[in-house]
Every structure is written in structure tokens, then in C-alpha cells.
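Q: Right, I'll just put the structure down here and ask away after.
Protein chains: 2
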Amino acid sequence: MNPAPFLQLDRVIHEKGRLAIMSALAAAPELSFTELRELLQMTDGNLTTHLRTLQEAGYIAVTKSQRDSRPLTTCALTKAGRDTFAGYLGLLEQIIAQTKNF
Amino acid sequence: MNPAPFLQLDRVIHEKGRLAIMSALAAAPELSFTELRELLQMTDGNLTTHLRTLQEAGYIAVTKSQRDSRPLTTCALTKAGRDTFAGYLGLLEQIIAQTKNF
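Chains A and B, in that order, are what the protein sequence lines are.
Mind the numbering: the first sequence is residues 3 to 104 in this note's numbering, read in order.
Mind the numbering: the second sequence is residues 3 to 104 in this note's numbering, read in order.
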């Protein structure tokens, strides 16, 4: 077994809630807080915490605006987030490839 | 995006250190504590903690014996561990399949 891909897994992305958020954002130009919450069945608090962690890592951009006089929060992957996520998926593929044979 | 495979990821296995341990044990009938530690480049304390978590979940069996008058600890996947790990890998494959297109 080659331990390298395990050691290289990005802890920020690997956590399953954040992995789901990154995957959802990879599939859309942007998503609102409400869309993410409903898609991923998370609580407000849980989603807020994960988004802050992803934002602090530079993986997502969070934009606060107003629509119809109501606050609107939208999230999108940054270039760094997209690149890091692609690398993460590559590591997962290596892990699956080397474990599937057993 | 289908959130189901993310929600189903087993937290005990998903942590990257334990994922590495499960993968190593899936590739061998059993491994000693020393073999695991050297293969995965973990500290004694870190490996001990992860092994206890996996043992409490019923995913590995830990056997303590003596070889040449020295204590020997060996670890092996249980049937439940092997089955749960196979299910986990299947979920990872679903996640990769649905994110690769973007």
C-alpha cells in the first residue's frame, strides 16, 4: 500500500459536510445559503460553520446582498477551491484504485 | 447533486488516518502495530487512538501476544469491518462519479 494519497488528503475538504458543500458548488456557478441548506439537509448553524471554514481556507467566496428587500447570501467556489477540489478527487481515485483489488 | 452518498459516509472510517489503517488492513490478513506505524508514518499515540476507535466500532480485532519474549500487537479487519469498508468505498465511487463531470 502506498500511504502518500492518504497523507495528502486536505482535511478542510475531507470532512463529509464540507465535501458535500464543495461538490454541490462544483456543479453550479453559485448557490444561495438556502439552496445549500435544503440540498444538503443541514442546520443553519452547521452550514454556517462549514462555510466559514471553507471561506477562511480560500476555497469559496461568500457574497451578501439583497433581493426583494431580503438578505441573500450566495456561495461560489474560488479558483483555488476548484483546483484544490480537483486535486482532492484525484487522491480519492488513487485510494479507490489501490484498495479495490482486495 | 444527490446528497445521499455524502450523508451516508461512515465517520469512523472517513477520518483520513483511520481510512489509511482500514485500507492497509484490507490489503493484508493482519499487520502488527509496528508495521502499521511504519507504513502510515503515524506516532504511537495517534495510531493507538485510531485503533481503539476502530476496535470499539467493531471494525478491527486487536490481538496481544508475545513473540521472542516481546509483546506483539496485531490488527486485522473483522467481517463487519470488511463489509462496512466495502460499502464506504462504494459511496466514494458514487461521489467521484457525480462530481467528475464538472
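Where a beta carbon is used, it is the ideal one built from N, C-alpha and C, also for glycine.
Since the structure is predicted, the reported quantities are computational estimates derived from the model, not experimental observations.
Along the chain, where does the alpha helix (DSSP H) that runs through Pro7/A open and close?
A: That run of the alpha helix (DSSP H) goes 6 to 10.
Q: Let me know the secondary structure DSSP gives Lys81/B once reduced to three states.
A: Helix at Lys81/B.
Q: May I ask you to list the residues that DSSP assigns as paired with Ala63/A?
A: According to DSSP, Ala63/A bridges with Ala78/A.
Q: Note the first and the last residue of the continuous alpha helix (DSSP H) segment covering Met3/B.
A: Element bounds for Met3/B: n/a, residue is neither H nor E.
Q: Are any of the Cβ atoms in chain B nearer than 8 Å to that of Lys102/A?
A: Yes, contact with chain B.
Q: Within a Cβ cutoff of 6 Å, which residues of the same chain sit near Gln10/A, ignoring the five residues on either side of it in sequence?
A: Closer than 6 Å at the Cβ level, and outside the excluded window around Gln10/A, lie Leu93.
Q: Taking only beta carbons into account, state which residues of the region 65 to 93 of chain A come closer than 7 Å to chain B, listed in chain order.
A: So the list reads Leu91, given in the order they occur along the chain.
Q: Under a three-way DSSP split, which group does Gln43/A fall into?
A: Reduced to three states, the DSSP call for Gln43/A is coil.
Q: Just by C-beta distance, which residues in the region 28 to 48 of chain A are closer than 7 Å to chain B?
A: Listed in sequence order: Ala28, Ala29, Leu41, Leu42, Gln43.
Q: CB-CB under 6 Å to Phe35/B, same chain, minus the five flanking residues each way: which ones, in chain order?
A: Answer for Phe35/B: Thr75, listed in chain order.
Q: Return the CA-CA distance between Leu33/B and Ala78/B, expressed in angstroms with no decimal places.
A: For Leu33/B and Ala78/B, the distance between alpha carbons rounds to 7 Å.
Q: Between Leu42/A and the rest of its own chain, which residues show a CB-CB distance below 6 Å, the 5 nearest in sequence each way excluded?
A: Once the five neighbours on either side are set aside, the close Cβ partners of Leu42/A are Ala22.
Q: Whole angstroms is fine: what's the gap from His52/A's alpha carbon to Ala88/B's?
A: If you take the alpha carbons of His52/A and Ala88/B, they lie about 28 Å apart.
Q: Would the region 13 to 32 of chain B and the region 48 to 65 of chain B be scored as touching if the rule is three or more Cβ pairs under 8 Å?
A: Verdict: yes, contact present.
Q: Can the beta-carbon of Met3/A be found closer than 8 Å to that of Ala63/B?
A: No, these two residues do not count as a Cβ contact at 8 Å.
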